[in-house]
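Positions in the sequence shown are counted from 1; adding 492 to them yields my numbering. Glycine included, C-beta positions come from ideal geometry on N, C-alpha and C. Note that the coordinates shown come from a computational prediction; the quantities given were computed from them, not determined experimentally. The structure appears below as structure tokens.
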Amino acid sequence: MPTSTMREAGLRVGHFQSVPWIPFYVGSEDWPVRRVPCVSSTVLAMADAGLLDATPMATVDWLARGDQWPRLGGLGLAYRERAGSVLLFSPRPIHELDGADIAICDETATSLRVLHAILADKYGLRIGRWRRGLPADPSMPRLLIQDQAVEEAARGRFPHVHDLGREWWEWQGTPVVSAVWVRRRDLADDALEPLRAGLAASLSRYASQPDLAIERHCARHGVASAPAALRALLGNFEFELGEAAEAGIRRMAQVLPPAVALET
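What follows is the structure, given as structure tokens:
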């Protein structure tokens with residue numbers, strides 16, 4: 493069977509295209525699967541609609557739907573002490589944000605709940621409105637993740653930049669797990685072998701040639717950041733989750749709010 497036909501007939505795999513996910517998708521254009529573009533905030537609806545067979549899923553969504561979407565090994569995205577790409581940008585210090593409205597980027601899911609818990613429970617602040625979408629006016633604090641956070645940090649427009657990894661670590665002492673890899677419960681194990689093999693090969697290729705993987709990603713997706721800076725950023729993340737990350741998931745289940753109301 494031609495490779496293109498195999499891809500059309502194969503597993504539908506969520507494809508996250510932002511920088512922190514580079515290590516999972518090295519060479520994925522050659523996998524015998526169908527890659528489906530996703531961001532954290534859209535995965536749950538796509539999964540519920542039957543559009544995905546396996547995918548990264550925001551940890552907060554997996555905590556709510558894990559009975560339907562078991563984990564795929566111990567793979568995921570975690571950060572401890574510093575994320576570098578999960579950032580609250582503010583014109584004022586965090587302790588002065590009582591009652592403030594906060595804008596959030598469209599992609600965020602887990603990070604929104606983490607920030608809500610930090611503001612409300614760590615700092616004891618009232619939260620105004622969470623606003624989906626980013627105003628041009630920098631007077632409103634905003635939560636940005638992944639590529640948008642890296643780009644905004646490079647602009648240097650905000651005097652106060654708070655890393656959620658550091659804020660959480662100082663408070664809870666565990667990593668934050670942004671997302672975990674999951675699969676459909678009714679999917680046969682042997683159907684997952686091409687994906688398992690692809691993910692293992694990707695992580696190995698990234699570990700052996702990180703600069704090449706980053707440079708190819710930047711060229712393919714038009715990322716302007718320096719590859720050396722992105723390699724340093726990726727060094728903040730754990731992709732094969734260990735016991736500390738698993739403890740982080742358990743702590744997140746205890747601390748994070750079950751839902752946050754958004755205003756568009």
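Could you check the C-alpha separation between residue i and residue j for me, to the nearest Å?
i: E659; j: I610; result: 7 Å
i: G591; j: I619; result: 5 Å
i: L725; j: A575; result: 8 Å
i: A693; j: L617; result: 45 Å
i: R712; j: L589; result: 39 Å
i: S643; j: R677; result: First, the amino acid is wrong: residue 643 is Glu here, not Ser. Cα-Cα distance, rounded: 38 Å.
i: P585; j: R649; result: 14 Å
i: D639; j: W513; result: 11 Å
Please classify residue i: does DSSP put it in a helix, a strand, or coil?
i: A671; result: strand
i: P529; result: strand
i: F516; result: helix
i: A689; result: helix
i: I741; result: helix
i: S577; result: coil
i: V752; result: coil
i: T666; result: coil
i: Q554; result: The sequence given here has Trp at residue 554, not Gln. Note: W554 maps to helix in three-state DSSP.
i: I610; result: helix
i: T497; result: In this predicted model, T497 has a pLDDT of only 36, less than 50, meaning its place in the structure is not dependable; the value taken from the coordinates is given anyway. Looking at T497 - three-state DSSP - the assignment turns out to be helix.
i: W622; result: strand
i: T600; result: coil
i: S631; result: coil
i: S717; result: coil
Any idea if residue i is buried or exposed, counting beta-carbon neighbours within 10 angstroms, 16 or more meaning buried?
i: E599; result: buried
i: P494; result: Here P494 scores only 39 on pLDDT, less than 50, and its place in the model should not be relied on; the value that follows carries that caveat. Flag for P494 reads exposed.
i: H587; result: exposed
i: D559; result: exposed
i: P633; result: buried
i: D545; result: buried
i: R742; result: exposed
i: Q664; result: buried
Are the CB atoms of residue i and residue j nearer to each other than 8 Å?
i: V525; j: L543; result: no
i: V511; j: V715; result: yes
i: A699; j: L569; result: no
i: L656; j: L607; result: yes
i: W561; j: V674; result: yes
i: C530; j: G502; result: no
i: F729; j: Y571; result: yes
Do you know whose CA, among the options, lies nearest residue i's CA?
i: L754; options: G665, G625, A612 and E732; result: G625
i: R688; options: A539, T547 and V531; result: T547
Quick one: is residue i near chain B, going by C-beta distance under 8 Å?
i: G568; result: In the structure shown, chain B does not exist; there is a single protein chain.
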